[in-house]
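Here the working numbering = 1-based position in the sequence shown + 67.
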Amino acid sequence: MPVYYALCCPGLEDVVSAEIGECDLEVLVAEARLGWVIFAGGGTGAALPVLRSVDAVGLWLGSLDGLEPGAEGLCQIEEWAASLEVSDALAHVRAIRDLPRLPHFRVSAHRVGTHSYTSMDLAAAVGGGIQRDTGWPVRMRGYDINIVLRVTGRRAMAGLELCDSAAEGAGPRPGGAARLKRGVAHCLVRMLGLAGPELVMDPMCGTGSIVLECVHLHPGARVLGGDMDGRALGIAAERSRAVSPAPGWVRWDARAIPLRSGCVDGVVCNLPFGRRVGSHRRNEHLYPGFFRELYRVLRPGGRAVLLTLEKRMTERLISKHHGLRVAGVRVVELSGLHPSVYELEKLA
Ligand SMILES: C[S@@+](CC[C@H](N)C(=O)[O-])C[C@H]1O[C@@H](n2cnc3c(N)ncnc32)[C@H](O)[C@@H]1O
Numbered sequence: 068m069p070v071y072y073a074l075c076c077p078g079l080e081d082v083v084s085a086e087i088g089e090c091d092l093e094v095l096v097a098e099a100r101l102g103w104v105i106f107a108g109g110g111t112g113a114a115l116p117v118l119r120s121v122d123a124v125g126l127w128l129g130s131l132d133g134l135e136p137g138a139e140g141l142c143q144i145e146e147w148a149a150s151l152e153v154s155d156a157l158a159h160v161r162a163i164r165d166l167p168r169l170p171h172f173r174v175s176a177h178r179v180g181t182h183s184y185t186s187m188d189l190a191a192a193v194g195g196g197i198q199r200d201t202g203w204p205v206r207m208r209g210y211d212i213n214i215v216l217r218v219t220g221r222r223a224m225a226g227l228e229l230c231d232s233a234a235e236g237a238g239p240r241p242g243g244a245a246r247l248k249r250g251v252a253h254c255l256v257r258m259l260g261l262a263g264p265e266l267v268m269d270p271m272c273g274t275g276s277i278v279l280e281c282v283h284l285h286p287g288a289r290v291l292g293g294d295m296d297g298r299a300l301g302i303a304a305e306r307s308r309a310v311s312p313a314p315g316w317v318r319w320d321a322r323a324i325p326l327r328s329g330c331v332d333g334v335v336c337n338l339p340f341g342r343r344v345g346s347h348r349r350n351e352h353l354y355p356g357f358f359r360e361l362y363r364v365l366r367p368g369g370r371a372v373l374l375t376l377e378k379r380m381t382e383r384l385i386s387k388h389h390g391l392r393v394a395g396v397r398v399v400e401l402s403g404l405h406p407s408v409y410e411l412e413k414l415a
């Protein structure tokens, strides 16, 4: 039975595991903040269901514990790479697509933690080990096989990539606006944990990543996306042209949402961090009005999932609304930042 890895946003492994479990696949490793999940099941790569909560999926080659942070760690990981049975995994890929006898490969390394070497050093060491074992030629562009290496502290995981959905939804970003990766957007909507909601919305939807996942997970609900940026809304509407049922897109100020009180079941929002979008000073004007509206439009028992880097401001504002209960808080890792995800419930 093939064993796979899924790359995901560190801090959301349990949410990813839930989706994998729903696809009758068996989760083997899902440690918090590792940024990957190992699972088994299904047929060859082609039969794997589309997982919307992950950034990439591939065949698991092996894991290494106790990686030395010093220079000796590079020799250690090269030896380990030479022992990975990459050729066996290749047989699975050959069942899905045509490959030359000696495929060109590259190694994509990502490293988190304190080490005396860089991701590039790790990629070269692993590449050297694999080449020694297989004789495959290296090619950085136009390669046939991408070997994925993830190092978190003293733990390493290597896999043979089958699909990378991180780029999904790539395209125009008005004014460099932030765009949430589909995997993270999907996880946030899952964390809402609502069964059969009537109305779900993202009040600062930008180009619509979260709204598209709301439609996917709650096809029976009315889904709304609002934003004050007309260009972003235009792109969002374009992205949703093939989506059914079609979500509604509204230009509004999230401090004055044109909806009656107590009518919304669920709110999911990636609030401006004040880094790429807006500023801390602008957030001081935005957040209080937004929380007042959030509290007003949520029905009693309604839930919200909010992603933000403005933790002190958010916690201060939550504490001001006594009818808002914090159901959960966690830190995730996004592009080198560590925002928090707040799960809130409006008390009945
Ligand atoms: C971090 S982005 C989130 C974009 C999108 N949800 C995503 O995750 O891809 C924040 C969005 O908040 C919008 N925004 C900022 N202030 C707003 C306000 N007062 N009312 C409505 N939208 C606002 C910005 O235009 C921007 O699109």
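All C-beta atoms in this analysis are idealised placements derived from N, C-alpha and C, irrespective of residue type, glycine included.
> Where M271 and G88 are concerned, what is the direct C-alpha to C-alpha distance, given to the nearest angstrom?
Replying inline: Residue 271 sits at position 204 when you count from the first residue of the sequence shown. Residue 88 sits at position 21 when you count from the first residue of the sequence shown. Going from the Cα of M271 to the Cα of G88 covers about 31 Å.
> Excluding sequence positions up to five away, which residues of its chain have a Cβ less than 7 Å from the Cβ of S402?
Replying inline: Position 335 of the sequence shown holds residue 402. Same-chain partners within the cutoff: there are none.
> According to the neighbour-count rule (16 or more other Cβ atoms, all chains shown, within 10 Å of its Cβ), is E80 buried or exposed?
Replying inline: Here residue 80 refers to the residue found at position 13 when the sequence shown is read from its first residue. By the neighbour-count rule (16 or more Cβ atoms within 10 Å), E80 is buried.
> Would D296 pass as a contact of R222 if the rule is Cβ separation under 8 Å?
Replying inline: For the purposes of this step, residue 296 is identified with residue 229 of the sequence shown, where counting begins at 1. For the purposes of this step, residue 222 is identified with residue 155 of the sequence shown, where counting begins at 1. Result no, Cβ atoms of D296 and R222 do not sit closer than 8 Å.
> Which runs of the alpha helix (DSSP H) fall wholly inside the stretch 79-103 and span at least 4 residues, in chain order?
Replying inline: 80-89
>> At 3 residues or longer, what runs of the beta strand (DSSP E) sit wholly inside the stretch 362-389?
In response: 365-375
> What did DSSP end up calling A303 once you bin it into helix, strand or coil?
Replying inline: By 1-based counting over the sequence shown, the position of residue 303 is 236. In the structure shown, A303 sits in a helix (DSSP, three-state: H, G or I).
> For I105, does the count of other Cβ atoms within 10 angstroms reach 16, so buried, or fall short, so exposed?
Replying inline: One-based indexing of the sequence shown puts residue 105 at position 38. When all chains shown are included, I105 counts as buried.
> Under the three-state reduction of DSSP, which class applies to I144: helix, strand or coil?
Replying inline: For the purposes of this step, residue 144 is taken as residue 77 along the sequence shown, with counting starting at 1. Note: I144 maps to helix in three-state DSSP.
>> Less than 7 Å separating the Cβ of I277 from some heavy atom of ligand 1?
In response: Residue mapping note: residue 277 aligns to position 210 of the sequence shown, counting from 1. Indeed, a heavy atom of ligand 1 lies less than 7 Å from the Cβ.
> Would DSSP call L227 helix, strand or coil?
Replying inline: The residue given as residue 227 occupies position 160 in the sequence shown. Three-state result, L227: strand.
>> ligand 1 and G273: does any heavy atom of the ligand fall closer than 7 Å to the residue's C-beta?
In response: Locating residue 273 in the sequence shown gives position 206, counting from the first residue. For G273, the Cβ falls inside the 7 Å cut-off from some heavy atom of ligand 1.
> In three-state DSSP terms, what is D211?
Replying inline: In the sequence shown, the residue the question calls residue 211 occupies position 144. D211 falls in the coil class under three-state DSSP.
> For ligand 1, any of its heavy atoms closer than 7 Å to the Cβ of M295?
Replying inline: The residue labelled residue 295 in the question sits at position 228 within the sequence shown. Yes; taking the cut-off as 7 Å, the Cβ of M295 has a heavy atom of ligand 1 nearer than that.
>> Do P406 and F357 have their beta-carbon atoms positioned less than 8 Å apart in this structure?
In response: In the sequence shown, the residue the question calls residue 357 occupies position 290. In the sequence shown, the residue the question calls residue 406 occupies position 339. Against a cut-off of 8 Å, the Cβ pair of P406 and F357 comes out as no contact.
> Contact check, E410 vs V364 under 8 Å by CB: the rounded distance?
Replying inline: As a position in the sequence shown, residue 410 is number 343, starting the count at 1. As a position in the sequence shown, residue 364 is number 297, starting the count at 1. The pair is not a contact, with the Cβ atoms about 17 Å apart (cut-off 8 Å).
> Got a sec? Which residues, its chain only, sit under 8 Å from C76 by beta carbon, not counting five neighbours each side?
Replying inline: On the sequence shown, residue 76 is found 9 positions in, with the first residue counted as 1. Cβ neighbours of C76 beyond the five flanking positions: G102, D122, K248, G250, V251, C254, V399, E400, L401.
> Cα separation between A237 and R173?
Replying inline: Taking the first residue of the sequence shown as 1, we reach residue 237 at position 170. Taking the first residue of the sequence shown as 1, we reach residue 173 at position 106. Reliability of the predicted coordinates at A237 is poor, the pLDDT of 49 falling under 50, and no value is obtained from them.
>> Just list the residues that DSSP pairs L128 with in beta bridges.
In response: As a working note, residue 128 is residue 61 in the sequence shown. According to DSSP, L128 bridges with nothing at all.
>> I'd like to check one pair, P264 with D332: are the Cβ atoms closer than 8 Å?
In response: Taking the first residue of the sequence shown as 1, we reach residue 332 at position 265. Taking the first residue of the sequence shown as 1, we reach residue 264 at position 197. Against a cut-off of 8 Å, the Cβ pair of P264 and D332 comes out as a contact.
>> Which complete alpha helix (DSSP H) runs does the stretch 267-315 hold, if anything under 4 residues is left out?
In response: 276-284, 297-306
>> Please report the distance separating the alpha-carbon of S346 from that of P286.
In response: Against the sequence shown, residue 346 aligns to sequence position 279. Against the sequence shown, residue 286 aligns to sequence position 219. So the two alpha carbons sit approximately 35 Å from each other.
> What does DSSP give as the partner residues of S175 in its beta bridges?
Replying inline: As a working mapping, residue 175 is identified with position 108 in the sequence shown. Its beta-bridge partners are V215.
>> Taking 8 Å as the threshold (C-beta atoms), are V70 and S84 in contact?
In response: To locate residue 84, count along the sequence shown from 1; it is residue 17. To locate residue 70, count along the sequence shown from 1; it is residue 3. Taking 8 Å as the Cβ cut-off, S84 and V70 do not qualify as a contacting pair.
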